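Residue numbers (the UniProt record's numbering): 1 to 284.
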């Protein structure tokens, strides 16, 4: 029986969308979530981007997000963190600041509440999607070829499969969260891990999650926001499906690890204020 695996979206559009000008879409190579050219280039052909946001995978045909930028749809993930800005006040501006370094690595985004460009509160937000094994390129090329777009015959004929690296993805991100959460708990701030519901379900099944709060509590420093990719009249839409929370000790319990990485509040604020500008101002 032929594999049910396939790409599900390319450049933000479902492969089942019948109203798309595929030649124009593939030619432009634009990521609709970043508002620029897709960042995933082919190593062997740097001028080409992969453009695959999600795939259909497995016997149960799960639609699985494989690009973290796909989670930026409608910027909903930032709106869903507003309640964690406990010191935000009416009149403050909201900024989304990308790539801020702290002990343990960079944080993908900060949602920042400011007044006169001075930081009043912030929430740290990390994005994690499933890593693949193998390659999705032949599946992508077979699809574009079916739409009349030139593709190398060797790619079309390739039998190379792809898979999902569930275990490594889950363990790696939990270790990273453990390295960072003590920093934020120490300064009484929140860290949010944004994932797809399939990945959170795997984590809960394979790691020690019995102590994790199923009803997320604002008082907890570590939050999990899980989104599902629902089919909306032939296209996919990201919707918040589940929220959980815990603290630094809770993440340690998941992994049995310890960390001492901390950074003072003033250092994070200094880095955020250096990056805040008109271009980071949050708009919806």
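Yeah, the Cβ is synthetic: ideal placement off N, Cα and C, and Gly gets one too.
The structure presented is a predicted model; accordingly, all values stated were derived computationally and were not measured.
Own chain partners of residue i with C-beta closer than 8 Å, once the 5 adjacent residues on each side are dropped
i           : result
residue 217 : 245
residue 176 : 104, 105 and 126
residue 234 : 14, 16, 17 and 18
residue 2   : The pLDDT assigned to residue 2 is 48, lower than 50, so where the model puts this residue is not dependable; a value taken from the coordinates is nonetheless given after this. Nothing listed; no residue qualifies.
residue 257 : Confidence at residue 257 is low in this model, with a pLDDT of 49, below 50, so its placement is unreliable and no value can be given for it.
Inter-residue Cα distance where the pair is residue i and residue j
i           : j           : result
residue 79  : residue 157 : 44 Å
residue 101 : residue 182 : 15 Å
residue 153 : residue 160 : 14 Å
residue 267 : residue 274 : 11 Å
residue 147 : residue 16  : 12 Å
residue 254 : residue 150 : 48 Å
residue 142 : residue 45  : 17 Å
residue 294 : residue 21  : This structure leaves residue 294 out entirely; the chain is present only between 1 and 284.
residue 285 : residue 131 : Look at the range of the chain in this structure, 1 to 284, and you will see that residue 285 is not part of it.
residue 35  : residue 195 : 21 Å
residue 108 : residue 98  : 6 Å
Helix, strand or coil at residue i according to DSSP, with G and I counted as helix
i           : result
residue 204 : helix
residue 197 : helix
residue 282 : coil
residue 117 : coil
residue 67  : coil
residue 209 : coil
residue 43  : coil
residue 243 : strand
residue 128 : coil
residue 175 : helix
Closer than 7 Å: residue i CB and nearest the ligand COA heavy atom
i          : result
residue 25 : With respect to small molecules bound, the structure shown includes none, and the ligand COA cannot be examined in it.
N-terminal and C-terminal residue of the beta strand (DSSP E) that residue i is part of
i           : result
residue 225 : 222 to 232
residue 163 : 162 to 164
Neighbourhood of residue i by C-beta distance below 7 Å, restricted to the same chain and skipping five residues each side
i           : result
residue 184 : 124, 190, 191 and 221
residue 265 : 187
residue 214 : 244
Start-to-end residues for the alpha helix (DSSP H) that takes in residue i
i           : result
residue 250 : 248 to 255
residue 146 : 137 to 146
Residues near residue i by beta carbon distance below 6 Å, same chain, minus five either side
i           : result
residue 228 : 197, 239 and 241
residue 88  : 113 and 121
residue 41  : 49
Answer yes if the stretch 163 to 172 comes into contact with the stretch 203 to 210, meaning at least three C-beta pairs across the two stretches below 8 Å, and no otherwise. Because the criterion of three Cβ pairs below 8 Å is met, the stretch 203 to 210 and the stretch 163 to 172 touch.
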